[in-house]
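Residues in the sequence shown are numbered from 6 upward in steps of one, following the working numbering.
Where is the CB? At the ideal position from N, CA and C, for every residue including glycine.
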Amino acid sequence: MNGTDWLVRTELLIGENNLDTLRAANVMVVGLGGVGSFAAEFLCRAGIGRMTIIDGDVVDPSNKNRQLQALDSTVGQSKAALMAARMKDIHPNLELTVIPRFLEPEDMLPLIGEGCDLVLDCIDSFQPKIKLIRTCLQSGVRFVSSMGAGGRINPEFVQIASIEKTRNCPFAQQVRKSLRRQGIRDSFPVVFSDEQVLPGSMEKTDGSRFKKSYYGTISYMPALFGIYMASYAIRKLIGE
Numbered sequence: 006m007n008g009t010d011w012l013v014r015t016e017l018l019i020g021e022n023n024l025d026t027l028r029a030a031n032v033m034v035v036g037l038g039g040v041g042s043f044a045a046e047f048l049c050r051a052g053i054g055r056m057t058i059i060d061g062d063v064v065d066p067s068n069k070n071r072q073l074q075a076l077d078s079t080v081g082q083s084k085a086a087l088m089a090a091r092m093k094d095i096h097p098n099l100e101l102t103v104i105p106r107f108l109e110p111e112d113m114l115p116l117i118g119e120g121c122d123l124v125l126d127c128i129d130s131f132q133p134k135i136k137l138i139r140t141c142l143q144s145g146v147r148f149v150s151s152m153g154a155g156g157r158i159n160p161e162f163v164q165i166a167s168i169e170k171t172r173n174c175p176f177a178q179q180v181r182k183s184l185r186r187q188g189i190r191d192s193f194p195v196v197f198s199d200e201q202v203l204p205g206s207m208e209k210t211d212g213s214r215f216k217k218s219y220y221g222t223i224s225y226m227p228a229l230f231g232i233y234m235a236s237y238a239i240r241k242l243i244g245e
């Protein structure tokens, strides 16, 4: 088997021209947790040619219920490095840039400006997410942003919509309010669930890493958000 024979089923579905479009695409995935790890892998398996993955975190035992690279054997290891090794094993020709640190505001515009076709915002910390959204809007690059996957259990409520059309999502509401306070009312696509958050599923934190609270999660919900993110990116890149 040569370097691209493994994509024969993809080519059969979307055609040679669209597959060539994916091979030529340059995509960035920011955040490699429960949503981002699945989004990155499904982009890889679709034949994306160039990708930048960014995450400064390491695997914690609590990640095993929802994150693709989280195993007993990988606890304490870099999430970005683990995903890089996994994706190169799937797609050896993938041109992969790995940034194993948290994205700083001053890094965002230069990275996005390096020929990036589409950004997947899979950050789960509030202020870094707001800064990335602002940068994407200001630069004009296409992007899709993940809202809150935690606190929910029913996959039937997951969908893609513009930020102003989200419902029953406290995280999306906070994003809208923060952007409006900064004079930003632009529309942009998000993956969200309009299922009501389950009572008692949230815990407060000490505020470290820009997180004041977190929700309980079930294995498949962040993965489904990641699938929706990858689906949006692929369909936009090939013009669907």
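field: Reduced DSSP secondary structure (H/G/I, E/B, other) of residue 194
entry: On the sequence shown, position 189 is the one that residue 194 refers to. It is a strand residue.
Which term fits residue 171, buried or exposed, when burial requires 16 or more other beta carbons within 10 angstroms of its beta carbon? Here residue 171 refers to the residue found at position 166 when the sequence shown is read from its first residue. Counting Cβ neighbours within 10 Å, residue 171 comes out buried, since at least 16 surround it.
Taking only the alpha-carbon atoms, compute the straight-line gap between residue 89 and residue 46 and give it to the nearest angstrom. Looking up residue 89 in the sequence shown gives position 84. Looking up residue 46 in the sequence shown gives position 41. Distance between the alpha carbons of residue 89 and residue 46: 9 angstroms.
request  = Taking all protein chains shown into account, decide if residue 159 is buried (16 or more other Cβ within 10 angstroms of its Cβ) or exposed.
outcome  = Looking up residue 159 in the sequence shown gives position 154. Under this definition residue 159 is an exposed residue.
| Among residues of its own chain, excluding the 5 on either side of residue 173, which ones have a beta-carbon nearer than 6 angstroms to its beta-carbon? | Counting from one through the sequence shown, the residue named residue 173 turns up at place 168. Excluding residues within five positions, the ones whose Cβ falls inside 6 angstroms are 199, 201.
Measure the alpha-carbon distance for residue 61 versus residue 137 and round it to whole angstroms.
-> Here residue 61 refers to the residue found at position 56 when the sequence shown is read from its first residue. Here residue 137 refers to the residue found at position 132 when the sequence shown is read from its first residue. Looking at the two C-alpha atoms, the distance is approximately 15 angstroms.
### Query
Going by DSSP, which residues form a beta bridge with residue 247?
Nothing can be reported for residue 247: it is not among the residues displayed for the chain, which extend from 6 to 245.
Problem - Alpha-carbon to alpha-carbon, residue 176 and residue 132 - result: In the sequence shown, the residue the question calls residue 132 occupies position 127. In the sequence shown, the residue the question calls residue 176 occupies position 171. Cα to Cα, residue 132 sits roughly 12 angstroms from residue 176.
| query | From residue 119 to residue 157, what distance separates their C-alpha atoms? | reply | Locating residue 119 in the sequence shown gives position 114, counting from the first residue. Locating residue 157 in the sequence shown gives position 152, counting from the first residue. Answer to the nearest angstrom: the Cα atoms are 36 angstroms apart.
Exercise. Is the segment 9-24 touching the segment 36-52 in the sense that three or more CB pairs, one from each, lie closer than 8 angstroms?
Worked result: yes
task: Note down the Cα distance separating residue 70 from residue 222, rounded to an integer number of angstroms.
output: In the sequence shown, counting from the first residue as 1, residue 70 sits at position 65. In the sequence shown, counting from the first residue as 1, residue 222 sits at position 217. Straight-line spacing of the CA atoms in residue 70 and residue 222 works out to 8 angstroms.
**Asked** Three-state secondary structure (DSSP) at residue 64?
**Response** One-based indexing of the sequence shown puts residue 64 at position 59. In the structure shown, residue 64 sits in coil (DSSP, three-state: anything other than H, G, I, E or B).
- For residue 155, count neighbouring Cβ atoms within 10 angstroms of its own Cβ and tell me buried if that reaches 16, exposed if not. Reading the sequence shown from its first residue, position 150 is the one you call residue 155. Buried, since its Cβ has 16 or more Cβ neighbours within 10 Å.
Inset, instruction - For the beta strand (DSSP E) containing residue 26, list its first residue and its last residue. - result: To locate residue 26, count along the sequence shown from 1; it is residue 21. Unbroken run through residue 26 is the alpha helix (DSSP H), 21-29; no beta strand (DSSP E).
Item checked: Alpha carbon of residue 100 to alpha carbon of residue 116, nearest angstrom -> Residue 100 sits at position 95 when you count from the first residue of the sequence shown. Residue 116 sits at position 111 when you count from the first residue of the sequence shown. Rounded to whole angstroms, residue 100 to residue 116 spans 15 angstroms at the Cα level.
Report task. Taking only the alpha-carbon atoms, compute the straight-line gap between residue 38 and residue 57 and give it to the nearest angstrom. Result -> Position 33 of the sequence shown, counted from the start, is the residue given in the question as residue 38. Position 52 of the sequence shown, counted from the start, is the residue given in the question as residue 57. Approximately 15 angstroms between the Cα atoms of the pair.
### Message
Taking the straight line between their C-alpha atoms, what separation do you get for residue 78 and residue 187?
### Response
The residue you call residue 78 lines up with position 73 of the sequence shown. The residue you call residue 187 lines up with position 182 of the sequence shown. Taking the straight line from one Cα to the other gives about 44 angstroms.
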